[in-house]
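In the working numbering, the protein residues as written are 19 to 527.
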């Protein structure tokens, strides 16, 4: 049995409306007869009904033994709504429903257009820093808390729900080079240009207490990065070398080095927590095992890698942000060739962070934009930029997989939606069903030219657009030159080199 809603007004001549009105007249007349009323029943749909409606607001019209609908007079002009319980059989024979694909294509096209119409990713800007934002860290236990460090040594703690700063600390003299939160969320660590490592409480001090660090370690060299172990009270710093520290000691428990150049970034593996990787200025990506006193292996690229990030769902996968405008996803077991080369940026990539699902990551670039890449795709699915946003130094993907935070050198932290057209807040069941249905339709028809053109189109700043065009011309010129060289050379003297292997110099174990 299906419920069919029949909406009608006075004077509507449809058979369901006449039947419902007849039933209403009979019901009202019998009710008035029992109450001893002397008014005729045929006037009950006139002005008398409007006067009697407020007193009977909770009475509903009953059809087929079920009282549903609105009372007479509850809507303007005597509007009535009746629900008739009628059995409606449905035949699913495809022969009776022609043009199914055409209808679905039209719906997919409309859904794609609406997705671009509602694509408003920018949410808010967190103002308060007096110098460029150099690093950020997420709270491991609280979704609404994020930490940021600036180039003037200032650290701020933000409440994303209220979108305001809740605490400010003058942590270092000079740049805050790196920061990380303890795995339990009770404290956080910072390193700066003043050669110190400081541990701070996550909670604000009591009224009248001074803002002082819990623990301070004075080092011999400048530390350029820090990361905390995911399960143990151990953290790692990098600078002249990679140092592994115990929280209760003022000297490193072990030091790891391979080469003589400075190291810019170090990151622990969130799954195999004893593994960590670092990026050095001599174009190396070095992998370490805490259980051994020597590094595991390293891969040398054509240009320097700024930072790396481990996939939170696949233990052996990490992505490196490189100076050659690309990002490289590696499997640490097979470093001879990257799993994927991610292109689209037109300047050096400065930071990268994975989504909690491990299926996407976000990158920050010197070209004043951030891009969202699927792990298995070579090109970005989304690009975010604003007119005021300058070089993006750091970026983070929140732990609920809904928002992206980026810090740039014009002193702002910006909050973006991870899905540009997503509706925030609680969704009704019908909204969820429609959203899922439209998503499946878009996936089904995603390779049709018209839908693909609309879905992939993005407005870009003139500078980025011109640089993309210039790089496309340069890439085509290199391809033609290689083709001509191969055509006029001895067969086999100019080998075919895959794009994934062009950027790898060597792997050292």
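Cβ coordinates follow ideal geometry from the N, Cα and C atoms, glycine included. All figures in this text were calculated on a predicted structure; none of them were measured in a lab.
Spatial neighbours of residue i in its chain, beta-carbon cut-off 6 Å, leaving aside the 5 residues before and after
i, result
"residue 333", "289 and 290"
"residue 468", "none"
"residue 318", "301, 302, 523 and 524"
"residue 366", "341 and 384"
"residue 233", "217"
"residue 331", "376"
"residue 183", "146, 174 and 176"
"residue 569", "Because the chain is modelled from 19 through 527, residue 569 falls outside the range shown and cannot be assessed."
"residue 473", "130"
"residue 304", "276, 296, 313 and 316"
Sequence-distant residues of its chain with Cβ nearer than 7 Å to residue i (five each side left out)
i, result
"residue 179", "162"
"residue 116", "none"
"residue 463", "123, 126 and 469"
"residue 142", "181 and 433"
"residue 517", "359"
"residue 287", "293, 294, 328 and 333"
"residue 134", "472"
"residue 159", "203"
Nearest to residue i (by Cα), restricted to the options the options
i, options, result
"residue 13", "235, 466 and 377", "No information on residue 13 is available, as it lies outside the stretch 19 to 527 that the chain covers here."
"residue 437", "272, 139 and 114", "139"
"residue 345", "397, 410 and 298", "397"
"residue 246", "213, 302, 229 and 308", "308"
"residue 275", "232, 265, 261 and 285", "261"
"residue 460", "129, 272, 434 and 389", "129"
"residue 356", "117, 520, 172 and 384", "520"
"residue 378", "391, 466 and 306", "391"
"residue 222", "215, 204 and 216", "204"
"residue 339", "361, 154 and 352", "361"
"residue 215", "201, 224, 243 and 229", "243"
"residue 131", "171, 527, 456 and 350", "456"
"residue 415", "435, 401, 399 and 400", "435"
"residue 394", "348, 363 and 364", "348"
"residue 354", "135, 155 and 526", "526"
"residue 278", "299, 228 and 155", "299"
"residue 368", "352, 424 and 230", "424"
"residue 337", "310, 284 and 487", "284"
Min CB distance residue i to chain C below 8 Å
i, result
"residue 464", "Absence of chain C from the displayed structure is noted, only one protein chain being present."
Inter-residue CB distance, residue i and residue j (contact presumed, cutoff 8 Å)
i, j, result
"residue 149", "residue 429", "6 Å"
"residue 282", "residue 324", "6 Å"
"residue 413", "residue 439", "Between residue 439 and residue 413 the Cβ distance is about 20 Å, and since that is not below 8 Å, they are no contact."
"residue 411", "residue 426", "6 Å"
"residue 370", "residue 343", "The pair is not a contact, with the Cβ atoms about 13 Å apart (cut-off 8 Å)."
"residue 512", "residue 503", "5 Å"
Residues that residue i bridges to, as DSSP identifies them
i, result
"residue 196", "209"
"residue 528", "Given a span of 19 to 527 for the chain in the structure shown, any question on residue 528 remains unanswerable."
"residue 425", "412 and 431"
"residue 123", "In the DSSP output, where bridge partners are listed per residue, residue 123 has none listed."
"residue 392", "378"
"residue 313", "306"
"residue 402", "388"
"residue 338", "326 and 346"
"residue 168", "151"
"residue 174", "166 and 186"
"residue 217", "207 and 233"
"residue 352", "349"
Cut-off 8 Å between Cβ atoms - residues of its own chain near residue i, not counting five sequence neighbours on either side
i, result
"residue 273", "259, 260, 261 and 262"
"residue 64", "Interpretation of residue 64 is limited by its pLDDT of 44, a score under 50 that renders its predicted location unreliable; no figure is taken from the coordinates."
"residue 306", "260, 274, 293, 294, 295, 296, 313 and 314"
"residue 219", "204, 205 and 232"
"residue 264", "251, 252 and 271"
"residue 157", "163, 164, 165, 199, 203 and 220"
"residue 249", "201 and 291"
"residue 112", "118"
Heavy atom of the ligand SAM within 7 Å of residue i beta-carbon
i, result
"residue 116", "The ligand SAM is absent from the structure shown, which contains no ligand whatsoever."
Inset, instruction - Count the C-beta pairs between the segment 164-172 and the segment 439-448 that are closer than 8 Å, then say yes if the count reaches three, no if not. - result: no
Inset, instruction - Could you tell me whether the segment 190-200 touches the segment 209-225, using the rule of 3 or more Cβ pairs below 8 Å? - result: yes
Inset, instruction - Please determine if the segment 416-434 and the segment 358-375 are in contact, where contact requires at least 3 C-beta pairs separated by less than 8 Å. - result: yes
Inset, instruction - Pair every Cβ in the segment 399-412 with every Cβ in the segment 463-479, then say whether three or more of these pairs are closer than 8 Å. - result: yes
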